[in-house]
Amino acid sequence: MESCSVDRTLQTLSDPWSFLVLRELWFGLKRFDEFQGTLRIPRATLSNRLKALREAGLLMQVPSPQGGLRKEYRFTEKGADLYPVMLTLLRWGDRWKNGDAGIPLHLTHHACGKRLVTEVVYSCCGTKVNAKDVEYQDGPGAGVEPAAAGSKTNRSSKPDKFTLPRACSVARTLQVMGDRWSFLVIREMFFGRHRFDEIQKRVGIATNILSNRIKLLMSHDILERSNYGAGSTRYEYHLTASGMDLYASFLAMMRWGDHWLSEEQGAPLILRHKKCGKVFEPEVVCKQCRLPLVAHEVHYKPGPGWDVNFGEDILAHTMLPRK
Numbered sequence: 000m001e002s003c004s005v006d007r008t009l010q011t012l013s014d015p016w017s018f019l020v021l022r023e024l025w026f027g028l029k030r031f032d033e034f035q036g037t038l039r040i041p042r043a044t045l046s047n048r049l050k051a052l053r054e055a056g057l058l059m060q061v062p063s064p065q066g067g068l069r070k071e072y073r074f075t076e077k078g079a080d081l082y083p084v085m086l087t088l089l090r091w092g093d094r095w096k097n098g099d100a101g102i103p104l105h106l107t108h109h110a111c112g113k114r115l116v117t118e119v120v121y122s123c124c125g126t127k128v129n130a131k132d133v134e135y136q137d138g139p140g141a142g143v144e145p146a147a148a149g150s151k152t153n154r155s156s157k158p159d160k161f162t163l164p165r166a167c168s169v170a171r172t173l174q175v176m177g178d179r180w181s182f183l184v185i186r187e188m189f190f191g192r193h194r195f196d197e198i199q200k201r202v203g204i205a206t207n208i209l210s211n212r213i214k215l216l217m218s219h220d221i222l223e224r225s226n227y228g229a230g231s232t233r234y235e236y237h238l239t240a241s242g243m244d245l246y247a248s249f250l251a252m253m254r255w256g257d258h259w260l261s262e263e264q265g266a267p268l269i270l271r272h273k274k275c276g277k278v279f280e281p282e283v284v285c286k287q288c289r290l291p292l293v294a295h296e297v298h299y300k301p302g303p304g305w306d307v308n309f310g311e312d313i314l315a316h317t318m319l320p321r322k
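Residue numbers for the sequence shown follow numbering that gives the first Met the number 0, beginning at 0 and rising by one.
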């Protein structure tokens, strides 16, 4: 498999239970019993995921301020740095996957007091990133690496787990792109590869699985197909407007993977802004004030798509996330 920082990031986020634990931690839950009660997750499964997240360096366990033998879980710097990724995933789900219900949460950026609109910009000039204005070149970490042990290349038989126990725009986004093969197809589209055979060759995917993922992405209105030319019975595939809009999440995951998962070899890809000619790193900012986004500066309140039947306990957490 070709080295890819986004793929490495997805190996963390694409496990539904691990994602749900991380999400609840941003909403202020810190103790084992809080996670277990809110997510209704089997205790053994929760224990396993918390252990894995600690071993991955995303969480740490600390004594509870209440004293006694109780422990709490906190983000490490590495785990907290996933927050901008979550915001880009939430933004896409809010825009494309909420139907008639409306968005589950309203977000306010405390630093400027405005309703939060997330934007990914070029570090070199501060303007909004456009996929068509980015060119790629091999970085020091370019190459081929073996698939990670236990990595999932088959679609989960229960993708609805992502949305447990309530509506969540981030979860809805991961239902589409959290599957590794689906992501790899989307990635190749951003790299300018649109034909079935060239995607199959680059990704190394079985033809039946590729056909399945293309149909899935078309059903979600991520891809559309067209004939090679007049009279041709062969097709090429292109990203729709909603598919192109996944680029912000693609870059945010690349940034996190480059920083935390590239180890000594460095980033697999170097990004260059065609218009200004400079190498850049993607930055996730508030559209209103252009400041970088961190969890304790974003406040939440229920939106029209919030499930009011879920209970008041979690509403208290979503009103003001803790540091």
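Glycine included, C-beta positions come from ideal geometry on N, C-alpha and C.
7 Å Cβ shell around residue i - same chain, five flanking residues per side excluded
i, result
"G302", "G101, I102, P103, L104, H105"
"R212", "W180, S181, V184"
"T75", "G56, L57, L58, M59"
"T87", "T117, V119, A247, S248, A251, V283"
"Y121", "V128, H272, F279"
Supposed close pair residue i, residue j - CB separation, criterion 8 Å
i, j, result
"T172", "W91", "5 Å"
"S168", "L89", "5 Å"
"R39", "Q136", "47 Å between Cβ atoms; not a contact."
"L245", "M176", "6 Å"
Span separating the alpha-carbon of residue i from that of residue j
i, j, result
"K29", "V116", "27 Å"
"V293", "M85", "11 Å"
"I208", "I198", "12 Å"
"P83", "M252", "9 Å"
"E134", "P15", "33 Å"
"M188", "A240", "13 Å"
"L21", "N226", "43 Å"
"S218", "E144", "31 Å"
"A166", "T44", "22 Å"
"K273", "V61", "46 Å"
"K70", "D132", "48 Å"
"K50", "F31", "12 Å"
"E1", "P139", "13 Å"
"S4", "G67", "41 Å"
"R201", "E235", "15 Å"
"S13", "D93", "19 Å"
Cβ shell of residue i (< 6 Å), same chain only, five flanking positions each side left out
i, result
"C324", "No statement about residue 324 is possible, as the shown extent of the chain runs from 0 to 322 and does not include it."
"R233", "Y227"
"R154", "Because R154 sits at a pLDDT of 45, beneath the cut-off of 50, its placement in the model cannot be relied upon, and the following sentence gives the value as read from the coordinates. Excluding positions up to five away in sequence, the list reads D178."
"W95", "S241"
"D220", "T239, S241"
Closer than 8 Å to chain D by CB, residue i
i, result
"A205", "Of the chains in the structure shown, none is chain D; there is only one protein chain."
Cutoff 8 Å; reference residue i; Cβ partners in own chain excluding five residues on either side
i, result
"C288", "H108, A110, C111, K113"
"D334", "Residue coverage of the chain in this structure runs from 0 to 322, which leaves residue 334 outside it and unanswerable."
"H237", "M188, H193, L222, E223, R224, S225"
Burial state of residue i, where buried means 16 or more other Cβ atoms lie within 10 Å
i, result
"T37", "buried"
"V278", "exposed"
"Q65", "exposed"
"F18", "buried"
"L290", "exposed"
"D6", "buried"
"A266", "buried"
"G203", "exposed"
Beta-bridge partners of residue i, as assigned by DSSP
i, result
"S225", "E235"
"E33", "None, per the DSSP bridge assignment."
"L106", "Y299"
"R194", "E235"
"M59", "R73"
"T117", "C285"
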